[in-house]
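Worksheet: one structure, shown below.
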Amino acid sequence: MARWLPRSTDLTRFCQKLNRVKTLEDDMMETSFNRCLSTIDLTLLGIGGMVGSGLYVLTGTVAKEIAGPAVIVSFIIAGFASLLAALCYAEFGARVPKTGSAYMFTYVSVGEIWAFLIGWNVLLEYMIGGAAVARAWSGYLDSIFNHKIKNFTETHVGAWQVPFLARYPDFLAAAILLVATAFISFGAKVSSWLNHVFSAISMGVILFILIMGFALAQPKNWSTQEGGFAPYGLSGIMAGTATCFYAFVGFDVIAASSEEARNPQRAVPRAIAFSLGLATGAYILVSVVLTLMVPWHTLDPDSALADAFYRRGYSWAGFLVAAGSICAMNTVLLSNLFSLPRIVYAMAEDGLFFQVFSRVHPRTQVPVVGIVVFGLLMALLALVFDLEALVQFLSIGTLLAYTFVAASIIVLRFQQQKGDVPVPAAGGRPNPEPHEGPSSGELKEYESFSDKLQLVDRDKSKEQREPGQLKAAFEPYLEFLSDFYPGEVVTVAVVTLMVSAICLCSILVFGNTHLHLPTWSYSLLLVLFSLGFLLSLLLIWAHEQQHSTQTFQIPLVPLSPALSIILNIYLMLKLSYMTWLRFAIWLLLGLLVYFGYGIWHSKENLREPQPQRVSARYVVFPGGSLEERVQAVQPSSQAAAGLPDTDTDDCKR
Numbered sequence: 007m008a009r010w011l012p013r014s015t016d017l018t019r020f021c022q023k024l025n026r027v028k029t030l031e032d033d034m035m036e037t038s039f040n041r042c043l044s045t046i047d048l049t050l051l052g053i054g055g056m057v058g059s060g061l062y063v064l065t066g067t068v069a070k071e072i073a074g075p076a077v078i079v080s081f082i083i084a085g086f087a088s089l090l091a092a093l094c095y096a097e098f099g100a101r102v103p104k105t106g107s108a109y110m111f112t113y114v115s116v117g118e119i120w121a122f123l124i125g126w127n128v129l130l131e132y133m134i135g136g137a138a139v140a141r142a143w144s145g146y147l148d149s150i151f152n153h154k155i156k157n158f159t160e161t162h163v164g165a166w167q168v169p170f171l172a173r174y175p176d177f178l179a180a181a182i183l184l185v186a187t188a189f190i191s192f193g194a195k196v197s198s199w200l201n202h203v204f205s206a207i208s209m210g211v212i213l214f215i216l217i218m219g220f221a222l223a224q225p226k227n228w229s230t231q232e233g234g235f236a237p238y239g240l241s242g243i244m245a246g247t248a249t250c251f252y253a254f255v256g257f258d259v260i261a262a263s264s265e266e267a268r269n270p271q272r273a274v275p276r277a278i279a280f281s282l283g284l285a286t287g288a289y290i291l292v293s294v295v296l297t298l299m300v301p302w303h304t305l306d307p308d309s310a311l312a313d314a315f316y317r318r319g320y321s322w323a324g325f326l327v328a329a330g331s332i333c334a335m336n337t338v339l340l341s342n343l344f345s346l347p348r349i350v351y352a353m354a355e356d357g358l359f360f361q362v363f364s365r366v367h368p369r370t371q372v373p374v375v376g377i378v379v380f381g382l383l384m385a386l387l388a389l390v391f392d393l394e395a396l397v398q399f400l401s402i403g404t405l406l407a408y409t410f411v412a413a414s415i416i417v418l419r420f421q422q423q424k425g426d427v428p429v430p431a432a433g434g435r436p437n438p439e440p441h442e443g444p445s446s447g448e449l450k451e452y453e454s455f456s457d458k459l460q461l462v463d464r465d466k467s468k469e470q471r472e473p474g475q476l477k478a479a480f481e482p483y484l485e486f487l488s489d490f491y492p493g494e495v496v497t498v499a500v501v502t503l504m505v506s507a508i509c510l511c512s513i514l515v516f517g518n519t520h521l522h523l524p525t526w527s528y529s530l531l532l533v534l535f536s537l538g539f540l541l542s543l544l545l546i547w548a549h550e551q552q553h554s555t556q557t558f559q560i561p562l563v564p565l566s567p568a569l570s571i572i573l574n575i576y577l578m579l580k581l582s583y584m585t586w587l588r589f590a591i592w593l594l595l596g597l598l599v600y601f602g603y604g605i606w607h608s609k610e611n612l613r614e615p616q617p618q619r620v621s622a623r624y625v626v627f628p629g630g631s632l633e634e635r636v637q638a639v640q641p642s643s644q645a646a647a648g649l650p651d652t653d654t655d656d657c658k659r
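With this note's numbering applied, the sequence shown closes on residue 659, and no number is skipped along the way.
Listed below in structure tokens is the structure:
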């Protein structure tokens, strides 16, 4: 029975396969894509991904049902929370200018299986998001014509009463997706130009709304007679923040487009900062205008802006608002269709997804197979499926990606840069190659004679501490941590930090409601998990980071990514259990794809070192000077085979 059990070495090798990281090319600017996008192009892509139908619908819904006029504060807090995640994407996009967004960032720092699961969830997020926006676009246009399209379809095609299917087939939503797919397949420059047109119209309408809105503003609508500025209190503001947070999830299209940027090291961080700042300003100012034009409790959640102008006697302005809303939804569609095939391409290029999706059209220089296939799948979703029950799924995929990207920033910042030679801390454990004794009285064994020649340089650089090593100021107090390889303690601390964050947020969300904990145990658990989170944070901070590079770096590491992690986990735990159930089912499907295809076809398999026979070893005997006597030592395998010994004199220098 025992012989059927896997050996410990096999389990170790299997775990190493799951957690192997992607090897980046020396020239990361080399690509099969067309690097044609400027900072303005990327900025408008980001704005198009964030300022969609949410500006015209979400503001009124949160103001009417959740926060009142304090929706302004909700958007400010949500914008700051999104900034933490956006800065993480900005650093990665500048340092790793490759397509793939959160998938790629996780692959180069955390591990393969985690990267695949992130990419797998992002695929579904983009497909459902694009299909949902297409149905909203269709419904909005249909409402302008008094639902004539819907009535015609139900009369001539019929209505369905099937679970998970839409009430009627939405041919208009499928058609707009197919048209958008055709434009996206023409190349990045055509997609960018089309996005410029729709973004310009949308921003023009927003500017009109702000000018007219402030002209019609009535400060009495924030007075106590109308309920005050924050009628739902702090709890309403925070609940509104959780909802408003999802209005900013479109900035990752910029990171996904970094491989097509002319100068990604500068363009990606700037585009993310500009687009997020403009989007946050637009949401805040429109919320101010909306709640000042009419009393917040009289808003129509479905069409708040158009209804507000209609009630103030400017019904004609409703058509402009409708035009702006449709153009804004078009930019979101383009953003989804632009990003999705590129993430699929990155996974296929690494061998984790089907190879056919890694083909790039030689003329348009875009992954045309992925664009067409996933454009058709998105159109099918919009045509027949009821997407309202699946829309919440978008939140969990986005938040999970944000969490892993923030954790990846910490891991990457405390790793040694490519090309660095690991140097152990003073008194610390040496590196496995070459094998060097801790004291001068022991033999020093090297795999090759060239390793011995690095001895002088290594001794000179011993005092220089590399990223991932314990800071000199903490070594007298945490000397036992010097025995670990650089970055090991940080990796363990990041895992501990995430576990502490999950436990802490679980107590905050479920402690009083679902678990019904007594006050003393509730407080005790909060203190314990908070201490675990803070101690992990301090332990990470006690190690050396990478030195400043020429690319953008997020400030206050590890504090900024840690705050992003705990916020994302808290928002994830606020989602319904049905969302988690669907998420678990989708993860299981992803694991089947990974273990059935990805793990076997991963390109990192080809880069794994094959076992090699050592033909000779060298032993360096300690001497009084840097000129040391070197003696060849015959490997035991050669001795057993009766191979001739190597002459010692041939190895002397």
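For glycine and all other residues, C-beta sits at the position ideal for the given N, C-alpha and C.
Residue of the options minimising C-alpha distance to residue i
i	options	result
F39	V203, E160, L183, P347	P347
L89	A277, T161, L30	A277
L339	G381, I215, T502	G381
V496	A548, L510, S59	A548
G233	R141, Y408, K70, S149	K70
I207	S331, N157, T187, E355	S331
V300	T247, K226, A236	K226
A76	S144, L30, L240, T45	L240
N269	A507, I78, M34, F490	M34
P103	M578, E266, L383	E266
Y252	F86, I124, N152	F86
S728	W120, G99, I571	One cannot answer for residue 728 here, as it falls past the ends of the chain, which runs 7 to 659.
V1	V196, L50, I155, T15	Residue 1 lies beyond the stretch modelled for the chain, which goes from 7 to 659, so this question has no answer here.
P175	A186, I155, A194, V185	I155
I27	Y113, F589, I134, L400	It is worth fixing the name first, because residue 27 is Val in this sequence and not Ile. Comparing Cα positions, the closest option is Y113.
M353	A108, I83, F391	A108
L577	H303, V211, S401	S401
V185	A194, A140, I212, F111	A140
G224	T249, I243, T297	The sequence given here places Gln at residue 224; Gly does not occur at that position. Ranking the options by Cα distance to Q224, first place goes to T297.
H607	S506, D356, I571	D356
L562	I416, V505, Y528	I416
Residue burial classification, residue i (beta-carbon count within 10 angstroms, cutoff 16)
i	result
S309	buried
H520	exposed
Y4	Since the first residue shown for the chain is 7 and the last is 659, residue 4 is missing from the structure and cannot be characterised.
P473	buried
I605	buried
G602	exposed
C511	buried
A479	exposed
L418	buried
Y483	exposed
F410	buried
L61	buried
P169	exposed
W2	Not covered by the structure: residue 2. The range shown for the chain is 7 to 659.
Q475	buried
S542	buried
A221	exposed
W322	exposed
R19	exposed
I134	buried
W120	buried
Extent of the continuous alpha helix (DSSP H) run through residue i
i	result
D313	310–317
H202	194–221
P347	323–355
A137	118–150
I513	494–516
K154	154–162
Any non-hydrogen atom of the ligand SAH within 7 Å of residue i CB
i	result
V362	Because no ligand of any kind appears in the structure shown, any question about the ligand SAH cannot be addressed here.
- Task: Starting from the N-terminal side, write out each stretch of the alpha helix (DSSP H) that is 4 residues or longer and does not extend beyond the stretch 556–611.
- Result: 565–579, 583–599
- Assess, as a yes-or-no matter, whether the stretch 186–202 is touched by the stretch 365–377 under the definition of 3 or more beta carbon pairs within less than 8 Å. By the criterion of at least three beta-carbon pairs nearer than 8 Å, the stretch 365–377 is in contact with the stretch 186–202.
- Task: Check whether the stretch 260–279 touches the stretch 27–46, counting contact only when three or more Cβ pairs, one atom from each stretch, lie closer than 8 Å.
- Result: yes
- Query: Is the stretch 558–573 close to the stretch 78–96, with three or more CB pairs under 8 Å?
  - Reply: yes
- Do the stretch 282–301 and the stretch 46–64 make contact, defined as three or more Cβ pairs closer than 8 Å? yes
- Query: On the three-pair Cβ rule with 8 Å, is the stretch 157–168 touching the stretch 355–373?
  - Reply: no
- Task: Tell me the start and end of each unbroken beta strand (DSSP E) in the stretch 247–275 that is at least 3 residues and wholly inside, in chain order.
- Result: Within the stretch 247–275, complete beta strand (DSSP E) segments of at least 3 residues are not found at all.
- How do the stretch 123–132 and the stretch 302–318 stand: do at least 3 beta-carbon pairs fall below 8 Å, yes or no? no
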